Each structure stands twice: as C-alpha cells, then as structure tokens.
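Under my numbering, residue 99 is the last one in the sequence shown; the count climbs by one each step, no gaps.
We put the beta carbon where it would ideally sit given N, CA and C, even for glycine.
Keep in mind the model is a prediction, meaning the values are calculated, not measured.
To start, the structure itself, in structure tokens.
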Amino acid sequence: MSGQTLTKAGIVDYIYERTDKNRAEIKDLVETILDVMKESIKKDHALLVSGFGKFEAYDKRARKGRNPQTSATITLPPRKVVVFRLSRKFRAELNPS
3 MSGQTLTKAG IVDYIYERTD KNRAEIKDLV ETILDVMKES IKKDHALLVS
53 GFGKFEAYDK RARKGRNPQT SATITLPPRK VVVFRLSRKF RAELNPS
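Written out as structure tokens, the structure is:
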C-alpha cells in the first residue's frame with residue numbers, strides 16, 4: 003500500500019484478506035462505520051477516535067474572493083468545513099524521536 007492512496011475498496015480488500023467474512027459483509031460493515039462517522043460529524047460537529055484523532059466540523063463565514071481568470075471580486079458563500087487533528091499518540095508514531 004506504500005505510495006498509494008488507500009480507497010474504500012482497498013480497506014474492504016485489506017479486511018477481507020485477514021478475516022473469514024465475505025466481501026459483501028465487509029463492504030456493508032465499512033459502509034456502516036463510515037455512515038456512523040458522517041452522522042456523528044453532522045450531528046455533533048465532532049468525532050473522536052481515541053489513539054487516532056479528532057474530526058471537527060465548523061462553519062466558515064462568507065468571504066470575499068477573486069475569480070483568477072477575470073480578477074473579478076466575488077463573494078464566497080458560507081460553508082461547513084471539516085478538519086482532522088491527530089492524537090498525540092498517533093503523532094508520536096508518525097514522528098518518532
């Protein structure tokens with residue numbers, strides 16, 4: 003998996019190779035986990051996975067922007083964004099001293 007982006011299908015394959023479940027069961031399980039994660043972020047604006055990190059949603063206000071092709075000033079609408087912050091434990095694993 004080195005050097006490539008891990009996809010949802012890749013996660014299913016990874017689990018399939020290490021368990022005795024069939025691909026359909028694993029795919030449903032992965033979909034369910036992702037649905038739970040999305041709903042948590044939508045409802046609570048945060049999702050904490052201990053030892054991994056925290057996903058947080060917050061509102062960005064409308065702001066002025068510029069169309070790079072025409073240089074015209076435009077107003078970008080308000081929107082929600084999600085940020086991910088690594089846990090200290092995971093950060094230490096990524097950056098060993």
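For residue 33, three-class secondary structure by DSSP: Start at 1 with the first residue of the sequence shown, and residue 33 comes out as number 31. Helix, per DSSP.
Heavy atom of the ligand SAH within 7 Å of residue 72 beta-carbon: With respect to the ligand SAH, the structure offers nothing, as it holds no ligand at all.
Reference residue 11, options 22, 5 and 30, closest by Cα: As a working note, residue 11 is residue 9 in the sequence shown. The alpha carbon of residue 11 has as its nearest neighbour, out of 22, 5 and 30, the alpha carbon of 30.
Any 3 or more C-beta pairs closer than 8 Å across the stretch 35-51 and the stretch 18-26: Flag = no, the stretch 35-51 and the stretch 18-26 do not touch.
contact_flag[the stretch 86-93, the stretch 52-71] where n(CB pairs < 8 Å) is 3 or more: yes
Segments assigned alpha helix (DSSP H), at least 4 residues, entirely inside the stretch 8-89: As far as the stretch 8-89 is concerned, its whole alpha helix (DSSP H) runs of at least 4 residues are 10-18 and 25-46.
Residue closest to residue 77, alpha-carbon to alpha-carbon, out of 70, 65 and 32: For the purposes of this step, residue 77 is identified with residue 75 of the sequence shown, where counting begins at 1. Of the listed residues, the one whose Cα sits closest to residue 77 is 65.
Nearest-angstrom Cα separation, counted from residue 15 out to residue 5: By one-based count along the sequence shown, residue 5 stands at place 3. By one-based count along the sequence shown, residue 15 stands at place 13. Using only the alpha carbons, I get a separation of about 17 Å.
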